[in-house]
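Residues 6 to 231, numbered by the working numbering, are exactly what the sequence shown covers, in order.
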Amino acid sequence: MKKLLIIEDEIAVRNGLKELLTAEGYSVDTYGTGKAGVDMVKSVVYDVILLDVMLPDMTGFDVCRTVRSLGVSSRILMLTARGEEIDKVLGLELGADDYMTKPFGKKELIARIRALLRRKENIAQALEEVAFDGMRFDFTKQLANRGTKQITMTSKEFKLLRYFVQHEGEVISRAQLLDDIWGYKNTPTTRTVDNYILSLRKKIEKDRTKPKHLITVHTAGYKFVR
Ligand code: CA
């Protein structure tokens, strides 16, 4: 069952939304303050958060920013009153996914929530497939191509690339790669990892001497960027 969180201080609106969305088959939690909502998000994974902008203790903008700074990936639908700063709502740094201006129709709200849930699933599934720099990798079928040209890769190379994509932007140590990809800890040398990185670079880098995707982080390991 999909889990929704409603953060809204007006009791009538809050209860009305809860009733409507529960009837739609969602599991719904409700809170009347930003702080209570943020506390919940720390311990419960919600699929969609409906977030009122004007809350008694903090603004919905602050709640949104705080929730995102916790690394929460729930879809966030802001509920705004007419005249509130819509451009701020949709600002990238805020991290909201959509907004609705009150008063809104029940059908439209349900449609928006469904759309956000679909988007969330698409993001989760995206790990089965990735495309960057003119290349496409299908991790399920283990197929890769650059334009119309096929890239031949081993299962281990697919596994390694997928791991990097899932940890995009993070510095990954050789030891971590050995643990997570090869699954053994006490290897005589971490050269295995370096060799695989070199061979993967040959396949995904245009110029393997100047890697743009699989980057060496001096004394720390490697980092992947799209
Ligand atoms: Ca309010």
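Every residue, glycine too, gets a C-beta built ideally from N, C-alpha and C.
| query | result |
| --- | --- |
| Assign residue 140 to one of three DSSP states: helix, strand, or coil. | strand |
| Would the C-beta of residue 89 count as close to ligand 1, meaning under 8 Å from any of its heavy atoms? | no |
| Excluding the 5 residues preceding and the 5 following residue 213 in the sequence, name in chain order all residues of the same chain whose CB lies nearer than 8 Å to its CB. | 203, 206, 207 |
| Kindly provide the ranges of any alpha helix (DSSP H) runs that are 4 or more residues long and lie completely inside the region 158–223, ordered along the chain. | 160–171, 179–182, 196–209 |
| To the nearest angstrom, how far is it from the Cα of residue 220 to the Cα of residue 76? | 24 Å |
| Ends of the beta strand (DSSP E) at residue 87? | Taken as a continuous stretch (DSSP letters only), residue 87 belongs to no beta strand (DSSP E), as it is neither H nor E. |
| Below 8 Å CB to CB, which residues in the same chain sit around residue 120 once its five sequence neighbours on both sides are set aside? | 103 |
| Is residue 82 closer than 9 Å to residue 107 when the C-beta atoms are compared? | no |
| Classify residue 35 as helix, strand or coil using the three-state DSSP reduction. | strand |
| Taking only the alpha-carbon atoms, compute the straight-line gap between residue 211 and residue 139 and give it to the nearest angstrom. | 10 Å |
| Using the beta carbon as the reference atom, which residues fall closer than 5 Å to any heavy atom of ligand 1, ordered along the chain? | 14, 57, 59 |
| Please report the residue range of the beta strand (DSSP E) in which residue 226 lies. | 226–229 |
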